[in-house]
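Asker: For reference, the structure I am asking about is given below.
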Amino acid sequence: MPERILVTGGAGYIGSHTIIGLQEAGYDVVVVDNLSNSNPESLKRVEQITGKQVEFHGFDLQDRQQLDALVQANRIDAVIHFAGLKAVGESTAKPLLYYGNNLGSTLSLLETMRKHDVNKLVFSSSATVYGDPRTLPITEDMPRSATNPYGHTKLMIEQMLEDMSKTSDGWNITSLRYFNPIGAHPSGSIGEDPNGIPNNLLPYVCQVATGRRDKLTVFGDDYATPDGTGVRDYIHVMDLAAAHLAALQHLDHPGTYKAYNIGTGAGTSVLELVKAFEEASGVTIPYQIADRRPGDIDSCYADVSLAARELDWKAERSVTDGCADSWRWQSQNPHGYADRT
Ligand code: NAD
Ligand code: UFG
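Numbering (my numbering), first residue to last: 10 to 350.
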């Protein structure tokens with residue numbers, strides 16, 4: 010019988026791409042998503058790509074009754090926990106929303122898993138747990154800190170998971186600390202579909218390219234980086250999806266908590282990303298330099314050797330691939346999933 014994976018937040022950007030990998034690898038998938046930041050159209054398109062059905066349940070993970078009934082009724086072998094709110098700026102304005110949603114949904118999930126003896130979990134963490142890193146590349150054992158409520162929720166959840174793994178319940182938990190996800194499925198039929206004005210660089214660039222925004226604002230050109238603009242480690246979402254499969258396949262050590270950096274190991278500046286996008290799309294991106302965005306750091310990129318060694322995973326796609334794939338998605342769906350719904 011195929012293994013059955015509960016995917017929380019599966020209608021979202023990274024979840025929908027990961028479900029494709031899961032279904033293609035032969036797993037059964039059950040999704041819980043309250044659609045607070047996603048559109049069910051994403052899962053319809055996943056079904057078109059894989060030719061397999063996705064079992065979808067539209068409720069909030071904090072609804073313990075519904076979650077309990079679902080886990081009771083299904084034999085769940087492992088959980089991938091993507092669900093969460095993720096906008097850094099919004100988390101500073103609405104900390105209770107973030108603590109409530111991200112911690113509340115995780116507590117509800119863990120309690121339900123414990124009750125039904127489901128103890129394998131892969132959790133979506135973030136490079137944000139490294140705060141302002143003192144040295145680069147970032148290794149998993151470096152000091153962790155957070156500068157905003159979103160980051161605090163990731164740190165707190167990681168702590169919760171590590172503590173759980175030390176109990177006698179046999180938990181086997183892996184946190185994947187994503188660097189900066191970009192790209193889309195090569196079909197162009199699913200991709201990142203932010204609500205309102207995008208916070209992240211590549212979705213913003215894509216909307217400039219379609220004419221939805223006038224120009225890109227580059228936040229600062231006086232950082233201590235080769236061209237003065239911020240440097241990040243952009244990881245293709247298809248590589249990220251593959252990392253979840255690798256993590257799942259290595260959940261065979263009860264009583265273990267591990268965290269892995271999921272990036273490429275290379276840094277790319279804002280202006281380099283813009284150039285890569287222009288080359289991949291053939292569209293010129295007008296931009297203006299502005300002040301630094303509060304809270305941004307100079308540079309952030311991963312040491313990815315631990316994931317290569319222990320998960321047998323490494324990124325295979327380039328930043329140019331990510332730009333080409335994001336552009337295919339955006340140009341085919343200029344208003345995201347709203348074009349079809
Ligand atoms: P996303 O917003 O596209 O997906 C998250 C999904 O979770 C959404 O579909 C949303 O509707 C759902 N959700 C939120 N709260 C829920 C709740 N209480 N109950 C049920 N569903 C709920 O985000 P994403 O980019 O796919 O990110 C997935 C995970 O990865 C998040 O935990 C995020 O913090 C983490 N992460 C993302 C990035 C990034 O830049 N995209 C970077 C590092 C980590
Ligand atoms: N940037 C611009 N203009 C924009 C948007 C971004 O110049 O309109 C710059 C930023 O200043 C930064 C780089 O592009 O130098 C990347 O910015 P993003 O907002 O795309 O990504 P961040 O690295 O700031 O943040 C991302 C996620 C966070 C996560 C963090 C670390 O959005 O949730 O990575 O993992 F916490």
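In this text, a Cβ means the ideal position worked out from N, Cα and C, and glycines have one as well. Here the structure is a predicted model, which is why all the values come from computation and not from measurement.
Which residues bound the beta strand (DSSP E) around residue 90?
Answerer: 87-90 is the span of the beta strand (DSSP E), which, as asked, contains residue 90.
Asker: Starting from the Cα of residue 284, find the closest Cα among 129, 211 and 122 and give me that residue.
Answerer: Residue 284 has its Cα closest to that of 211, out of 129, 211 and 122.
Asker: Report yes if the CB atom of residue 39 is closer than 8 Å to the CB atom of residue 90, and no otherwise.
Answerer: Cβ distance not < 8 Å, so residue 39 and residue 90 don't count as in contact.
Asker: Compare the beta carbon distance of residue 220 and residue 337 with 8 Å and say whether it is the shorter of the two.
Answerer: Going by C-beta atoms, residue 220 is not nearer than 8 Å to residue 337.
Asker: Would you check whether the ligand NAD has a heavy atom nearer than 7 Å to the C-beta of residue 273?
Answerer: No, the beta carbon of residue 273 sits no closer than 7 Å to any heavy atom of the ligand NAD.
Asker: Taking DSSP's pairing of strands, which residues face residue 241 in a bridge?
Answerer: DSSP, once it has assigned bridges, lists 277 as partnering residue 241.
Asker: Below 8 Å between beta carbons: does that hold for residue 264 and residue 310?
Answerer: Contact flag unset, no.
Asker: Just the C-alpha distance for residue 73 and residue 248, rounded to the nearest angstrom, thanks.
Answerer: Distance between the alpha carbons of residue 73 and residue 248 is about 33 Å.
Asker: May I have the straight-line CA-CA distance separating residue 36 from residue 141, to the nearest angstrom?
Answerer: Looking at the two C-alpha atoms, the distance is approximately 38 Å.
Asker: So the beta strand (DSSP E) residue 37 belongs to, where does it begin and stop?
Answerer: Per DSSP, residue 37 belongs to the beta strand (DSSP E) from 37-41.
Asker: For residue 280 and residue 189, what's the separation of their Cα atoms in angstroms?
Answerer: Going from the Cα of residue 280 to the Cα of residue 189 covers about 16 Å.
Asker: By a C-beta neighbour count over all protein chains shown, 10 Å radius and 16 as the cutoff for buried, is residue 84 buried or exposed?
Answerer: It is exposed - the Cβ of residue 84 has fewer than 16 other Cβ atoms within 10 Å.
Asker: For residue 42, which option in 30, 16 and 57 has the closest C-alpha, if you only look at C-alpha atoms?
Answerer: With distances taken between Cα atoms, residue 42 lies closest to 16.
Asker: Using the C-alpha atoms, what's the distance from residue 98 back to residue 324?
Answerer: Answer to the nearest angstrom: the Cα atoms are 29 Å apart.
Asker: Please work out which residues of its chain come closer than 7 Å, Cβ to Cβ, to residue 251, disregarding the five sequence neighbours upstream and downstream, and give them in chain order.
Answerer: Once the five neighbours on either side are set aside, the close Cβ partners of residue 251 are 30 and 322.
Asker: Provide the residue(s) that pair with residue 190 in DSSP beta bridges, ordered along the chain.
Answerer: Answer is 244.
Asker: Look at the alpha carbon of residue 78 and the alpha carbon of residue 19, and state the distance between them as a whole number of angstroms.
Answerer: Each residue's alpha carbon lies about 19 Å from the other.
Asker: Note down, one range per segment and in chain order, each beta strand (DSSP E) of at least 3 residues found wholly within the stretch 114-150.
Answerer: Those beta strand (DSSP E) runs which fall completely within the stretch 114-150 and span 3+ residues are 129-135.
Asker: Identify every residue that forms a DSSP beta bridge with residue 269.
Answerer: Paired residues: 185.
Asker: Starting from residue 298, follow its DSSP beta bridges and name the residues at the other end.
Answerer: 227, per the DSSP bridge assignment.
Asker: Would you kindly work out how many angstroms separate the C-alpha atoms of residue 317 and residue 270, rounded to a whole number?
Answerer: Cα-Cα distance, rounded: 10 Å.
Asker: Going by beta-carbon coordinates alone, are residue 75 and residue 68 separated by less than 8 Å?
Answerer: Cβ distance < 8 Å, so residue 75 and residue 68 count as in contact.
Asker: State the start and end residues of the unbroken alpha helix (DSSP H) segment that holds residue 73.
Answerer: Segment 73-82, the alpha helix (DSSP H) holding residue 73.
Asker: Take the Cβ of residue 162 as the centre, count every other Cβ of all protein chains shown within 10 Å, and call the residue buried at 16 or more, exposed below.
Answerer: By the neighbour-count rule (16 or more Cβ atoms within 10 Å), residue 162 is buried.
Asker: Among the candidates 297, 70 and 145, whose CA atom is the shortest distance from the CA of residue 228?
Answerer: Closest option to residue 228, Cα to Cα, is 297.
Asker: Helix, strand or coil, according to DSSP, for residue 97 in the structure here?
Answerer: In this structure, residue 97 counts as helix in the three-state DSSP scheme.
Asker: According to DSSP, is residue 16 part of a helix, a strand, or is it coil?
Answerer: Strand.
Asker: Please confirm whether any heavy atom of the ligand NAD lies closer than 7 Å to the CB of residue 317.
Answerer: Every heavy atom of the ligand NAD is 7 Å or more from the Cβ of residue 317, so no.
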